[in-house]
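**Student:**
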Amino acid sequence: MPKVTIAQNILAANDSIALHIKQSLAARGIRVLNIMSSPGAGKTTLLERTIERLRGQLGIGVIEGDIETSADAERIEARGAETVQINTRGACHLEAHMIRDALQQVDLERIELLIIENIGNLVCPADWNLGEDMRAVIVSTSEGDDKPAKYPQMFASSQILIVNKIDLLPYVDYNVEKVKRQALAINPHLRLFEMSCRTGEGLDTWCDWLLSFARSDK
Amino acid sequence: MHELAIAESIFDAVVAKATECNATRVKSIRLKIGEATSIEIDSLTFCFEMLIDLDPLLSRAQLLIDTVPHRARCRHCDKEFAVINFIAQCPTCHEWSNEIVSGTEMQILEMEIDSAESDHRSEHPGR
Chain R
1 MPKVTIAQNI LAANDSIALH IKQSLAARGI RVLNIMSSPG AGKTTLLERT IERLRGQLGI
61 GVIEGDIETS ADAERIEARG AETVQINTRG ACHLEAHMIR DALQQVDLER IELLIIENIG
121 NLVCPADWNL GEDMRAVIVS TSEGDDKPAK YPQMFASSQI LIVNKIDLLP YVDYNVEKVK
181 RQALAINPHL RLFEMSCRTG EGLDTWCDWL LSFARSDK
Chain Y
1 MHELAIAESI FDAVVAKATE CNATRVKSIR LKIGEATSIE IDSLTFCFEM LIDLDPLLSR
61 AQLLIDTVPH RARCRHCDKE FAVINFIAQC PTCHEWSNEI VSGTEMQILE MEIDSAESDH
121 RSEHPGR
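Going line by line, the protein sequences match chains R and Y.
Residues in the first sequence are numbered from 1 upward in steps of one, following the numbering used here.
Residues in the second sequence are numbered from 1 upward in steps of one, following the numbering used here.
Take a look at the structure:
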């Protein structure tokens with residue numbers, strides 16, 4: 001009964017595709033942002049507002065992950081960005097091979113920044129590298145204010161935390177300081193943004209940062 | 001429920017290696033899973049057992065899982081400590097700057113197989 005050493009990362013197949021994506025996009029000067037959140041935190045709305053504001057300044061391509069429907073891709077496309085829809089048919093996260101296949105449909109000559117909107121889920125997407133340079137996690141004030149403590153792996157593996165829907169703060173029991181404290185205890189390096197995609201508050205700061213991210217270190 | 005996708009990744013890697021080794025049966029597979037991953041061990045085991053039913057090479061293969069604690073080393077005082085609930089503050093000097101020592105592992109270590117060669121040897125113990 002021989003023992004055979006395998007010594008391989010379980011997600012080695014995914015990670016090697018992700019590395020290839022990252023390297024080939026970096027070679028073209030394209031930066032990649034992976035956006036994650038629970039369903040309804042405002043990923044698609046943030047993309048709409050971001051694309052509107054940066055139109056003419058930054059070529060943005062979007063890969064839109066949803067379990068079903070192309071509704072979100074239609075919303076994004078209407079704002080004028082290159083958009084490809086991935087339907088995972090039930091799968092709760094995007095995987096690198098889905099991004100590789102979707103990229104076949106993106107005109108890479110036209111973009112400097114690729115934004116991947118992951119499936120709405122604060123657990124599973126954290127384990128899957130998609131070839132991104134950065135991960136952003138969005139929480140919103142209409143959810144509970146204990147998300148970082150409940151889903152620490154997502155916050156530990158992200159570089160950016162966005163608190164969205166701050167216009168609702170007078171009407172909800174949401175403690176932004178508590179969320180920031182919890183998140184920074186898990187990951188002291190998180191870059192924080194507070195915004196309302198509905199009123200536009202905080203969006204200028206976000207877009208300025210995104211522009212400098214897309215143009216940095218190429 | 002991404003444990004099914006994780007189980008499929010393990011299944012594919014094990015089948016590839018078993019084929020390469022001319023295995024006639026895979027008896028067990030040893031994994032190393034860190035506490036800081038979002039893998040739920042019971043779900044993973046359940047999904048894996050569901051998958052191996054589909055393949056005679058792996059059916060009845062046992063999944064052996066070594067879990068690894070989430071630990072970090074303080075960059076300030078150099079002491080190693082347990083990270084509880086992902087909060088990696090040094091309990092000695094209360095600094096936040098640290099490097100993760102363990103807990104993020106997600107590895108297939110080894111497997112135990114019956115192979116065509118070992119079957120042959122056991123049939124001819126005198127050789």
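Heads up, the beta-carbon is just placed ideally off N, CA and C, and yes, glycines get one too.
Check whether the Cβ of Asp-145/R lies closer than 8 Å to any Cβ atom in chain Y.
**Tutor:** No, Asp-145/R lies away from the interface with chain Y (no Cβ there is under 8 Å from its Cβ).
**Student:** Can you confirm whether Val-62/R, when its beta carbon is compared against all beta carbons of chain Y, has any partner nearer than 8 Å?
**Tutor:** No, no contact with chain Y.
**Student:** Any heavy atom of the ligand ATP inside 7 Å of the beta-carbon of Asn-87/R?
**Tutor:** Of the ligands one can find in the structure shown there are none, so the ligand ATP has no counterpart to examine.
**Student:** Give me, in chain order, the residues of the same chain whose beta-carbon lies closer than 6 Å to that of Ser-216/R; leave out the 5 immediate sequence neighbours on both sides.
**Tutor:** Here the set comprises nothing.
**Student:** Under 8 Å, Cβ to Cβ, is there at least one residue of chain Y near Thr-141/R?
**Tutor:** Chain Y, which has no Cβ nearer than 8 Å to the Cβ of Thr-141/R, makes this no.
**Student:** Mapping the DSSP letters down to three states, classify Ala-18/Y as helix, strand or coil.
**Tutor:** Helix.
**Student:** With 8 Å as the limit, tell me which residues of the segment 95-109 of chain R have their beta carbon closer than that to any beta carbon of chain Y; keep them in chain order.
**Tutor:** Listed in sequence order: Glu-95.
**Student:** In chain order, what residues of the same chain have a beta carbon less than 6 Å from the beta carbon of Ile-87/Y, not counting five sequence neighbours either side?
**Tutor:** Closer than 6 Å at Cβ, skipping near neighbours: no residue.
**Student:** Do you know how far the Cα of Asp-55/Y is from the Cα of Gly-40/R?
**Tutor:** Cα-Cα distance, rounded: 40 Å.
**Student:** Considering just the uninterrupted stretch of the beta strand (DSSP E) at Arg-71/Y, what are its terminal residues?
**Tutor:** That run of the beta strand (DSSP E) goes 71-74.
**Student:** Which residue's Cα is closest to the Cα of Val-163/R: Ala-185/R, Ser-157/R, Gln-153/R and Leu-190/R?
**Tutor:** Out of Ala-185/R, Ser-157/R, Gln-153/R and Leu-190/R, Leu-190/R has the C-alpha closest to the C-alpha of Val-163/R.
**Student:** Could you list which residues in chain Y have their beta carbon closer than 8 Å to that of Asn-14/R, in chain order?
**Tutor:** Chain Y residues near Asn-14/R: Ser-9.
**Student:** Which first and last residues belong to the beta strand (DSSP E) in which Arg-25/Y is found?
**Tutor:** Start and end: 23-34.
**Student:** If we ignore side chains and look at the alpha-carbon of each, how far apart do Thr-69/R and Tyr-171/R end up?
**Tutor:** One C-alpha to the other measures close to 32 Å.
**Student:** Pick from Ile-186/R, Tyr-174/R and Asn-175/R: whose alpha carbon is nearest that of Lys-150/R?
**Tutor:** Of the listed residues, the one whose Cα sits closest to Lys-150/R is Ile-186/R.
**Student:** Along the segment 78-89 of chain Y, where does the CB come closer than 9 Å to a CB of chain R? Name the residues.
**Tutor:** Against chain R - using a Cβ distance shorter than 9 Å - the residues of the segment 78-89 of chain Y are Asn-85, Phe-86, Ile-87, Ala-88 and Gln-89.
**Student:** Taking the continuous alpha helix (DSSP H) assigned at Met-195/R, which residues delimit it?
**Tutor:** Note, Met-195/R: premise wrong, no alpha helix (DSSP H); not H, not E.
**Student:** Check the Cβ of Met-50/Y against every Cβ in chain R and list those closer than 8 Å, keeping chain order.
**Tutor:** Going along chain R, no residue has its Cβ under 8 Å from Met-50/Y, so there is no contact; the nearest lies around 15 Å.
**Student:** Looking only at C-alpha atoms, which of Leu-130/R, Asn-129/R and Pro-148/R sits nearest to Val-137/R?
**Tutor:** For Val-137/R, the nearest C-alpha among the options comes from Pro-148/R.
**Student:** According to DSSP, Val-84/R sits in a beta bridge with which residue or residues?
**Tutor:** Beta-bridge pairing links Val-84/R to Ile-63/R.
**Student:** With 8 Å as the threshold, decide whether the Cβ of Thr-92/Y is near any Cβ in chain R.
**Tutor:** Answer no: the Cβ-Cβ gap between Thr-92/Y and chain R never drops below 8 Å.
**Student:** Using a Cβ-Cβ cut-off of 8 Å, state whether Ala-149/R counts as contacting chain Y.
**Tutor:** It does; some Cβ of chain Y falls within 8 Å.
**Student:** For a contact meaning CB atoms closer than 7 Å, what does Leu-11/R contact in chain Y?
**Tutor:** In chain order: Ser-9 and Met-106.
**Student:** Given a cut-off of 8 Å, decide if His-2/Y and Cys-207/R are closer than it, judged by their beta-carbon atoms.
**Tutor:** Contact flag unset, no.
**Student:** State the Cα-Cα distance for the pair Val-139/R and Glu-112/Y, rounded to the nearest angstrom.
**Tutor:** Computed Cα separation, rounded: 45 Å.
**Student:** Answer with yes or no whether the minimum CB distance from Pro-125/Y to chain R is below 8 Å.
**Tutor:** In this prediction, Pro-125/Y scores a pLDDT of 47, lower than 50, which makes its location untrustworthy; the coordinate-derived value is nonetheless stated afterwards. Not an interface residue.
**Student:** Per DSSP, Leu-4/Y is paired with what?
**Tutor:** DSSP, once it has assigned bridges, lists no residue as partnering Leu-4/Y.
**Student:** Does the distance from the C-beta atom of Ile-33/Y to that of Ile-65/Y stay below 8 Å?
**Tutor:** Their beta carbons are under 8 Å apart, which means Ile-33/Y touches Ile-65/Y by this criterion.
**Student:** Taking the alpha carbon of Leu-168/R as the reference point, which residue from Ile-160/R, Thr-199/R, Ser-157/R and Ser-158/R has its own alpha carbon closest?
**Tutor:** Checked all of Ile-160/R, Thr-199/R, Ser-157/R and Ser-158/R; the closest Cα to Leu-168/R is Thr-199/R.
**Student:** Could you spell out where the beta strand (DSSP E) holding Phe-81/Y opens and where it closes?
**Tutor:** Start and end: 80-82.
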